[in-house]
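All remarks here apply to the structure that follows.
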Amino acid sequence: PFTSPVVSLEFADGFPLTIHRSVLLRSSKLGLLLDSSTKTIDLRQFSSTAGHALVNCLYTDRYDFLKWTGLFDPSANIALWELKAKFEIYALARTFELDHLEEQIKTELNWMKRDLDIFTVIDAVKEAYPTIIGNDTWFPPWIKSLIKQAFKDPGKTSRSRDSPDFGDGPSVVKVLFGCILETYAEMLESMADRDGAFVHHVVHSATPETPVTDSHFSGIGDDEGQMAAEAVESVPDLVPEAQPLPLEEAAPEKKSDRAQPQEPEQEPAATAADASTSADASFWATVDMLRKAKEKKVLDPPTASAYVLALKSHSS
């Protein structure tokens with residue numbers, strides 16, 4: 001390829017870039033733009049930064065980006081300049097159907113996305129990619145993901161819209177989107193205040209049967225409070241220490257020469273005495289829980305009310 005004629009590529013800024021004609025023809029669309037008389041191609045709709053990426057990709061199949069080479073200026077927005085240049089490269093790749101370059105620049109823009117704010121992107125694409133080229137299925141979802149990212153923290157994003165801009169003022173699109181974000185943030189704040197007021201109302205309108213208590217029952221109700229208090233005081237005397245039950249010796253089984261068919265065991269039917277015993281057991285379990293709650297000083301109003309109901313039921 002290095003023996004073929006050299007062609008000049010003219011860009012919006014900087015000196016023309018040269019490339020061998022045989023390398024240039026790797027892109028059929030670029031070859032159609034070649035002026036055979038001057039051996040030049042007019043690409044002045046793109047910057048020389050995008051041109052360097054184009055020539056490098058045609059020679060090496062790799063994407064390479066030129067860093068900022070201008071004078072240091074504290075007021076210059078280098079991040080915006082780089083983003084604009086990368087969208088120029090994306091637009092150039094789509095214009096001349098350089099799929100390899102397009103995929104590489106998309107990968108880099110996807111990687112950059114997490115550190116970008118939507119207003120910087122608006123400033124970049126309004127100049128570098130103002131019109132969708134062809135059937136672009138990547139750019140709309142990419143922008144949509146940035147918008148979702150902005151709505152996750154609308155307050156932070158709306159504050160960033162006053163960042164330096166190369167233009168004379170903010171674009172209408174930036175102002176419009178900023179107003180949308182501010183409105184959304186105000187709606188979220190209003191909803192949070194409303195939910196907080198609702199929770200406050202629910203907490204302070206609780207039923208008087210479940211007041212806050214500090215292990216005694218003055219707020220539960222005169223009769224129920226007195227009954228529960230007396231039960232708590234008498235609990236240590238009411239609940240005896242558990243005694244081990246005697247073990248019954250099993251009767252020796254009689255062996256038989258002939259196997260006898262075994263009949264399925266039937267559980268004895270429940271009797272009134274069993275029900276009474278079960279009710280007593282539940283009552284004493286309740287009293288034991290009441291004693292433990294009193295000792296730990298963690299007796300809450302709903303538990304106290306349940307204990308009072310159990311005491312009433314047993315006394316009746």
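UniProt numbering puts the first residue of the sequence shown at 1, with every later residue one more than the last. We treat Cβ as the ideally placed atom computed from N, Cα and C, and that holds for glycine.
Query                                                                                                             : Result
Nearest neighbour of Tyr129, chosen from Ala12, Arg94 and Thr49 [CA to CA]                                        : Arg94
Coil, strand or helix - Ile132 by DSSP                                                                            : coil
Identity of the residue in Thr18, Phe139, Arg62 and Cys179 nearest Asn110 by Cα                                   : Phe139
Residues that DSSP places opposite His20 in a beta bridge                                                         : Val6
Separation of Trp81 from Thr18, as counted between CA atoms                                                       : 24 Å
Validate contact between the segment 47–58 and the segment 90–104 using beta carbons, cut 8 Å, 3 pairs            : yes
Residue closest to Ser37, alpha-carbon to alpha-carbon, out of Val23, Val6 and Asp64                              : Val6
For Asp42, the three-state DSSP class (helix, strand or coil)                                                     : strand
Ile122 versus Leu24 - alpha carbon distance                                                                       : 33 Å
C-beta contact flag for residue 318 and Phe46 at 8 Å                                                              : This structure leaves residue 318 out entirely; the chain is present only between 1 and 316.
Per-residue burial, Lys39 [other beta carbons within 10 Å of its own, 16 or more giving buried]                   : exposed
CA nearest to the CA of Lys29, picked from Ile105, Ala79, Leu92 and Glu88                                         : Leu92
Whole-angstrom distance between Leu146 and Glu182, CA atom to CA atom                                             : 16 Å
Close-in-space but distant-in-sequence residues of the same chain around Leu43 (CB under 7 Å, 5 per side omitted) : Leu9, Glu10, Phe11 and Gly51
DSSP-derived helix/strand/coil call for Asp115                                                                    : helix
Backbone CA spacing between Trp142 and Ile133 [nearest angstrom]                                                  : 15 Å
Contact set for Val125: own chain, Cβ-Cβ below 7 Å, skip 5 residues either direction                              : Phe87
The ligand COA heavy atom lying under 7 Å from the CB of Arg26                                                    : You won't find the ligand COA in this model; it holds no ligand whatsoever.
Cβ pair Ser27, Leu58 closer than 8 Å                                                                              : yes
Per-residue burial, Lys144 [other beta carbons within 10 Å of its own, 16 or more giving buried]                  : exposed
Per DSSP, cross-strand counterpart(s) of Asp35                                                                    : Thr40
As assigned by DSSP and simplified to three states, the class of Phe65                                            : coil
Nearest-angstrom Cα separation, counted from Lys106 out to Asp61                                                  : 15 Å
Inter-residue spacing [alpha-carbon to alpha-carbon] between residue 317 and Thr3                                 : Since the first and last residues shown for the chain are 1 and 316, residue 317 lies out of range.
Pair within 8 Å by beta-carbon distance, Thr120 and Leu66                                                         : no
Sub-8 Å separation of Asp131 and Ala85 beta-carbons                                                               : Rather than Asp, the amino acid found at residue 131 in this sequence is Thr. No.
Nearest candidate by alpha-carbon position, reference Lys113, set Asp64, Pro74, Leu32 and Gln149                  : Gln149
Rounded straight-line distance, which links the Cα of Pro16 to that of Asp115                                     : 34 Å
DSSP state of Asp13 mapped onto helix, strand, coil                                                               : coil
Distance between Asp13 and Asp117 (C-alpha atoms, nearest Å)                                                      : 28 Å
Rounded separation between Glu108 and Ile89 - CA only                                                             : 11 Å
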